[in-house]
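In the working numbering, the protein residues as written are 2 to 119. Before any comments, here is the structure.
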Amino acid sequence: QVQLVESGGGLVQPGGSLRLSCAASGTIFSNKLMSWYRQAPGKEREFVAQITSGGTTNYADSVKGRFTISRDNAQNTVYLQMNSLKPEDTAVYYCKSSVYVTSWSDYWGQGTQVTVSS
């Protein structure tokens, strides 16, 4: 049973920073494509960032230069360092694990709330 548990969310002022963590269990972590998505109230879930098993990263234009995704395979954890936060970054942030065998298998965490407000 794959489990993904996010942590690190909270309330932060505009311009501040947060680091989200997503701990994986029940799976071989090192071969997974790991991603972060977010969903703001009344909006669809959107892609934020991803990191391949080899460490290649990709970001949404809206967070490029401000957010950094990284992974620690020894700790089965993926991180999202968020700097220069804006009110429009307010959302529930979700971690996703993906692996392609004969088709894509995706697993999601339960999400962690990030609120950027003064």
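Here a beta-carbon is modelled for each residue, glycine too, at the ideal position from N, C-alpha and C.
Q | C-alpha gap between D73 and W109, whole angstroms | A | D73 and W109: Cα-Cα distance of roughly 18 Å.
Query - 8 Å contact criterion, which T207 and Q82 should meet: CB distance rounded - result: The chain is shown only over 2 to 119; residue 207 falls outside these bounds and no answer can be derived.
Report task. Label E89 either buried or exposed according to how many other C-beta atoms from any shown protein chain fall within 10 Å of its C-beta, with 16 as the threshold for buried. Result -> E89 comes out exposed.
query = Would you say the stretch 91-105 touches the stretch 30-47, given that touching needs at least three Cβ pairs under 8 Å?
reply = Contact between the stretch 91-105 and the stretch 30-47 is present, with at least three C-beta pairs closer than 8 Å.
Separation of T53 from M120, as counted between CA atoms:
Because the chain spans 2 through 119 in this model, residue 120 falls outside it and cannot be assessed.
Exercise. Excluding five sequence neighbours on each side, which residues of the same chain lie with their C-beta closer than 6 Å to the C-beta of S22?
Worked result: Result list for S22: S8, G9, T78, Y80, in chain order.
ask   = By a C-beta neighbour count over all protein chains shown, 10 Å radius and 16 as the cutoff for buried, is L117 buried or exposed?
value = Looking at the sequence shown, residue 117 is not Leu but Val. Taking all protein chains in view, the Cβ of V117 is crowded by 16 or more other Cβ atoms within 10 Å, so the residue is classified as buried.
Euclidean distance between Cα positions of A25 and S106:
A25 and S106: Cα-Cα distance of roughly 15 Å.
Give me, in chain order, the residues of the same chain whose beta-carbon lies closer than 6 Å to that of S71; leave out the 5 immediate sequence neighbours on both sides. The beta carbon of S71 lies closer than 6 Å to those of Y80 in the same chain, with the five residues before and after it left out.
### Message
Assuming V3 and T28 are in contact, meaning their beta carbons sit under 8 Å apart, how far apart are those beta carbons, in whole angstroms?
### Response
Taking 8 Å as the upper bound for CB-CB distance, V3 and T28 are in contact here, some 4 Å apart.
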